[in-house]
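Below is one structure, written out as structure tokens; the observations come after it.
Protein chains: 2
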Amino acid sequence: MKFEAVTIKDIAKALGLSTSTVSRALRDSYEISPATKKQVLEYAEQINYRPNPIALSLKEKRSRSIGVIVCEIANSFFSQAINGIESIAYDKGYNVIISQSHESYEREVIDLQYLASRSIDGLLISVSAETEDFSHLKNLHDRGFPIVFFDRVAESIHTHKVIVDNFKGAYDATKHLLDNGHQHIANLAGSPHLSITKERLGGYRKALEDHGLIYQESYTEFCLHGGMLYEEVEAALDRFTSLKQIPDAIVASADKLTTNCLRYFKSKGIKVPEEVALMGFSNLDLTDLLSPSLSVVKQPAFEMGQLATELLLQLIESKRPITEFEYKVLPLELMIRESSLKSK
Amino acid sequence: MKFEAVTIKDIAKALGLSTSTVSRALRDSYEISPATKKQVLEYAEQINYRPNPIALSLKEKRSRSIGVIVCEIANSFFSQAINGIESIAYDKGYNVIISQSHESYEREVIDLQYLASRSIDGLLISVSAETEDFSHLKNLHDRGFPIVFFDRVAESIHTHKVIVDNFKGAYDATKHLLDNGHQHIANLAGSPHLSITKERLGGYRKALEDHGLIYQESYTEFCLHGGMLYEEVEAALDRFTSLKQIPDAIVASADKLTTNCLRYFKSKGIKVPEEVALMGFSNLDLTDLLSPSLSVVKQPAFEMGQLATELLLQLIESKRPITEFEYKVLPLELMIRESSLKSK
DNA sequence: TCTTTTTACGCAAACGTTCCCGTTAAAGGC
DNA sequence: GCCTTTAACGGGAACGTTTGCGTAAAAAGA
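Each protein sequence line maps, in turn, to chains A and B.
The first sequence runs contiguously to residue 344 in this note's numbering.
The second sequence runs contiguously to residue 688 in this note's numbering.
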């Protein structure tokens, strides 16, 4: 079953004109007489003519669509970021094609292949938790393909990047817990490959040290899938609770880590914040309704999406190669609620 | 800054062959000698040749991509459904282009225009809360464009549809509340234009009547934006609580309605389920962590997405027009937790 | 009235593919 | 040794558009 669209040829044939005349009439060229223009325009309207974007893309060597690769759209941060991306792209007449890596490196490579071969004009990406090797992106980038990173960036690739102040976010969260009297703060971290994990770990560590405490490796557990699997969070927390000095507070470095952490404590009957305080990165819009309500570090996801898209469109639409790249660092918001209150 | 891809012509020129020979060699045609094939294949691999899908689309009059229109991707149900859509589309080599209507009719029409003009091969849609008039979809459908509805359907358009048993879901939820001793059950409903709202309202009403109660209009409040705006939920609940007989339980007909309902009660200091019980439709994966944990009616979102996509691809790939359409009704899952327990 | 300018349009190439037709030369049949 | 077959490849049209260039007729200038 196929859907036959009407073309410029149909108009030309019906009106006894050439395709060039019709094309020019539709584009309101000065070379066409007002009478012909009117005739063409009216007929086009009547038969509901729409220019074929595929043909245009082929001619102009651009598709007016951008690709987005994120790990998961069923994740508040990313769905909000995508809303930001869409809002800008939509305004500028660009189409957004979304792919999910599901935190898999292999899938990310395939997605990229697919998107690049789909003739997208540029790419927005937040790399998967598994991604260590960036050569798939580097290859494309080196060949002049516009790429902008957001949130999870590849340091080695020289292009625009939009991130949040992860260091400060983790620092402030840790400091908040310290100020609230917690002494043994553990760090539930995401994939060790990710830029954000490293930055957040740095902030956590610095806060401890500024408070006169020493950083202990046993107090940091990495979750390779960023908390996507409950089992990895469970294993990490099992290890924390089997330490001789059980942590009295936890800083969780990602959305799923934070909620799965809460789920763990709930299932084990461990009271939050009485027995262990919790503070984590999250963009869920109902952390206030959780039990206990969650203290979170919130990212300006929508704005990040917008900014990244603006930068990408700049790259795409620039006449000459760009060599000066932006490295935007946006502020985070701390929202203090019940889960991080004093233990006693 | 543009990105020049390598074409069949480049290969032909480099190897001193014609484009037709190269094309055939790449497609492994019997007309080409093994030696030439090997040569072409190796060179193509070496310079990383990828066929230009735009050119293919133009030639084959199909883009191998499908459009999806939903109200919001930052909504658990839809993001899960999209995962289902993506899983099937990906397997079959189709691309998915997602658009959000943000529950706006106007935006839905624009999105549709845009997608249709982007040469998608078919459309999956769950209509916006505002949509009353389906002529924009009917026009396309009448012209032979493949469309499959899921969740929120247009009854008047004769094509495949995938929904859940909304009637039974609402019936069972209401019955559960009745069985738990609640007498005055209100219905917080979505947009009155939506098919799902009508079906759920019907189930709610039938459950009341089967229990010997009479349906009262004052016990149903519609939220035109489906709960997207907290204010509309607030206004609806304000009206319920100002009734002379205040409801002792509420059935909420959509994700945002359910959570905003909980948010309202929390802000007003109304205890759930002690003062008022709550049960609602929701696909959030952390309703168990809410305070109180939410009793929900959960939709098989992923499966719905998969099924709808399979049906759409059938439509697209069918040689002859299809006249027999499926009307799939999937079962819902009731998850009973704290929020719906007995009042006293 | 003849030349020049302007107006209004058509022709054809191009974008990257595929595929229907040739066409050439070697191989095979007798 | 001549005709037919077959293997292996090239030419060119087509998909829908835009656009540089050419050109006829009309208008303007002399």
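Using N, Cα and C, we set each Cβ at its ideal position, and we do this for glycine too.
Could you tell me whether the Cβ atoms of Leu177 of chain A and Cys223 of chain A are closer together than 8 Å?
Within the first sequence, residue 177 of chain A is the residue found at index 177, counting from 1. Within the first sequence, residue 223 of chain A is the residue found at index 223, counting from 1. No, the pair does not count as a contact, with Cβ atoms beyond the cut-off.
Return the bridge partner residues of Ile125 of chain A from the DSSP annotation.
Stepping through the first sequence from its first residue, residue 125 of chain A is reached at position 125. Looking at the DSSP assignment, Ile125 of chain A forms a beta bridge with A:Ile69 and A:Phe149.
Please compile the residues from chain B whose C-beta is within a distance smaller than 7 Å of the C-beta of Ser117 of chain A.
If you number the first sequence from 1, residue 117 of chain A lands on position 117. Ser117 of chain A reaches chain B at Arg394 and Pro397, counting residues in chain order whose Cβ is nearer than 7 Å.
Going along the chain, which residues of the region 250–265 of chain A sit with their C-beta nearer than 7 Å to a C-beta in chain B?
For the region 250–265 of chain A, residues whose beta-carbon sits nearer than 7 Å to a beta-carbon of chain B comprise Thr259, Leu262 and Arg263.
How would you label Lys512 of chain B, buried or exposed, when you count the other beta carbons within 10 angstroms and need 16 or more for buried?
Against the second sequence, residue 512 of chain B aligns to sequence position 168. That one is buried.
Contact between the region 78–86 of chain A and the region 104–115 of chain A is defined here as three or more beta-carbon pairs at a separation below 8 Å; is this criterion met?
no
8 Å is my cut-off, CB to CB: does Ala621 of chain B come that close to chain A?
To locate residue 621 of chain B, count along the second sequence from 1; it is residue 277. No, its Cβ sits nowhere closer than 8 Å to a Cβ of chain A.
Between Gln527 of chain B and chain A, is the shortest Cβ-Cβ distance under 8 Å, so that the two count as touching?
Here the question's residue 527 of chain B lines up with position 183 in the second sequence. The beta carbon of Gln527 of chain B does not come within 8 Å of any beta carbon belonging to chain A, so the residue lies off that interface.
Indicate whether at least one CB of chain A lies closer than 8 Å to the CB of Ser684 of chain B.
Counting from 1 along the second sequence, the entry for residue 684 of chain B is found at position 340. No, Ser684 of chain B lies away from the interface with chain A (no Cβ there is under 8 Å from its Cβ).
Considering only the alpha carbon of each residue, which of A:Gln100, A:Arg62, A:Val162 and A:Val68 lies closest to Glu86 of chain A?
In the first sequence, residue 86 of chain A corresponds to position 86, counting from 1. If we check each option's Cα against that of Glu86 of chain A, A:Val68 comes out closest.
Pick from B:Val492, B:Leu587, B:Ser639 and B:Phe489: whose alpha carbon is nearest that of Ile680 of chain B?
The residue given as residue 680 of chain B occupies position 336 in the second sequence. Of B:Val492, B:Leu587, B:Ser639 and B:Phe489, the residue nearest in Cα terms is B:Ser639.
How many Å lie between Lys175 of chain A and Leu284 of chain A at the Cα?
If you number the first sequence from 1, residue 175 of chain A lands on position 175. If you number the first sequence from 1, residue 284 of chain A lands on position 284. Between Lys175 of chain A and Leu284 of chain A, the C-alpha separation is close to 22 Å.
Would you call the region 120–131 of chain A and the region 50–68 of chain A touching, i.e. three or more CB-CB distances under 8 Å?
As far as the Cβ criterion goes, the region 120–131 of chain A touches the region 50–68 of chain A, which means the pair count is three or higher.
Within 8 Å of any Cβ in chain B, is that where the Cβ of Ala14 of chain A sits?
Your numbering for residue 14 of chain A matches position 14 in the first sequence. It does not: the Cβ of Ala14 of chain A has no partner Cβ on chain B nearer than 8 Å.
Quick one: residues in its chain with C-beta nearer than 6 Å to the C-beta of Lys686 of chain B, no 5 flanking neighbours on either side, listed in chain order?
Stepping through the second sequence from its first residue, residue 686 of chain B is reached at position 342. Asn524 and Gly525, listed in sequence order.
Whole-angstrom Cβ separation of Cys415 of chain B and Ala460 of chain B, contact assumed at under 8 Å?
Walking along the second sequence from the start, residue 415 of chain B turns up at place 71. Walking along the second sequence from the start, residue 460 of chain B turns up at place 116. Going by Cβ atoms, the distance from Cys415 of chain B to Ala460 of chain B rounds to 19 Å, so no, they are not a contact pair.
Residue of B:Ala433, B:Gly624 and B:Ser535 minimising C-alpha distance to Arg496 of chain B
Counted from its first residue, the second sequence places residue 496 of chain B at position 152. Comparing Cα-Cα distances from Arg496 of chain B to each of B:Ala433, B:Gly624 and B:Ser535, the minimum goes to B:Ser535.
Bounding residues of the beta strand (DSSP E) (the contiguous stretch that carries Gln444 of chain B)
Here residue 444 of chain B is taken as the residue at index 100 of the second sequence, counted from 1. Gln444 of chain B -> beta strand (DSSP E) spans Asn439 to Gln444.
Near Gln306 of chain A, which residues of its chain fall below 8 Å by C-beta distance, leaving aside the five closest residues on each side in sequence?
Taking the first sequence and counting its residues from 1, the one referred to as residue 306 of chain A is at position 306. Result list for Gln306 of chain A: Gly84, Ile85, Ser87 and Ile88, in chain order.
Top-ranked residue by Cα proximity to Ser300 of chain A, from A:Pro321, A:Lys328 and A:Ser293:
Along the first sequence, read from residue 1 onward, the residue named residue 300 of chain A stands at position 300. Reading off the sequence, residue 300 of chain A comes out as Pro, not Ser. The residue with the shortest Cα to Cα distance from Pro300 of chain A is A:Lys328.
What residues are listed by DSSP as bridge partners for Leu290 of chain A?
Locating residue 290 of chain A in the first sequence gives position 290, counting from the first residue. DSSP, once it has assigned bridges, lists B:Leu634 as partnering Leu290 of chain A.
Excluding the 5 residues preceding and the 5 following Gln527 of chain B in the sequence, name in chain order all residues of the same chain whose CB lies nearer than 7 Å to its CB.
Against the second sequence, residue 527 of chain B aligns to sequence position 183. If we look at Gln527 of chain B and ignore the five residues flanking it on each side, its Cβ neighbours are Asp592.
Strictly under 8 Å for the Cβ-Cβ distance: is Ile11 of chain A near chain B by that measure?
Translated into the one-based positions of the first sequence, residue 11 of chain A becomes position 11. Not a single CB atom of chain B sits nearer than 8 Å to the CB of Ile11 of chain A.
Cross-strand partners of Ala249 of chain A (DSSP beta bridge)
As a working mapping, residue 249 of chain A is identified with position 249 in the first sequence. Answer is A:Ile185 and A:Ala277, bridged to Ala249 of chain A.
Alpha carbon to alpha carbon, how far is Asp477 of chain B from Ser470 of chain B? Give it in angstroms, no decimals.
In the second sequence, the residue the question calls residue 470 of chain B occupies position 126. In the second sequence, the residue the question calls residue 477 of chain B occupies position 133. The alpha-carbon atoms of Ser470 of chain B and Asp477 of chain B are separated by roughly 14 Å.
Which residues in chain A sit within 7 Å of Ile426 of chain B, going by Cβ to Cβ distance?
The sequence position of residue 426 of chain B within the second sequence is 82, counting from 1. Simply Ile73.
Where does the unbroken alpha helix (DSSP H) through Val673 of chain B begin, and where does it stop?
Numbered from 1 along the second sequence, position 329 holds the residue referred to as residue 673 of chain B. Here Val673 of chain B belongs to no alpha helix (DSSP H); instead the beta strand (DSSP E) covers Tyr671 to Leu674.
Residue burial classification, Gly269 of chain A (beta-carbon count within 10 angstroms, cutoff 16):
As a working mapping, residue 269 of chain A is identified with position 269 in the first sequence. Classification of Gly269 of chain A: exposed, given that the 10 Å Cβ count is below 16.
Evaluate Leu553 of chain B with the Cβ neighbour count: other Cβ atoms within 10 Å of its Cβ, from every protein chain shown; 16 or more gives buried, anything less gives exposed.
On the second sequence, residue 553 of chain B is found 209 positions in, with the first residue counted as 1. The sequence shown places Glu at residue 553 of chain B, not Leu. By the 10 Å Cβ count, Glu553 of chain B comes out exposed.
Just mark Asn392 of chain B as buried or exposed, buried being the case when its beta carbon has 16 or more other beta carbons within 10 Å.
Stepping through the second sequence from its first residue, residue 392 of chain B is reached at position 48. Exposed.
Chain B contact residues for Gln100 of chain A, given Cβ-Cβ distances below 8 Å:
Within the first sequence, the letter at position 100 stands for residue 100 of chain A. Result: Asn427 and Glu430.
Nearest-angstrom Cα distance between Glu231 of chain A and Asp255 of chain A?
Taking the first sequence and counting its residues from 1, one reaches residue 231 of chain A at position 231. Taking the first sequence and counting its residues from 1, one reaches residue 255 of chain A at position 255. The straight-line gap from Cα to Cα measures roughly 15 Å.
Could you pull out every residue in the same chain whose Cβ sits closer than 8 Å to the Cβ of Thr380 of chain B, ignoring the five residues on either side in sequence?
Residue numbering aside, residue 380 of chain B sits at position 36 when the second sequence is read from its first letter. Correct list, in chain order: Leu361, Thr365 and Ala369.
According to DSSP, is Lys505 of chain B part of a helix, a strand, or is it coil?
Within the second sequence, numbered from 1, the residue matching residue 505 of chain B stands at position 161. Strand.
State yes or no: is the C-beta of Phe325 of chain A within less than 8 Å of the C-beta of His160 of chain A?
The residue you call residue 325 of chain A lines up with position 325 of the first sequence. The residue you call residue 160 of chain A lines up with position 160 of the first sequence. For Phe325 of chain A and His160 of chain A, yes; Cβs fall inside 8 Å.
Checking contacts by CB at 8 Å: is Ser295 of chain A closer than that to chain B?
On the first sequence, residue 295 of chain A is found 295 positions in, with the first residue counted as 1. False, the Cβ-Cβ gap to chain B never drops below 8 Å.
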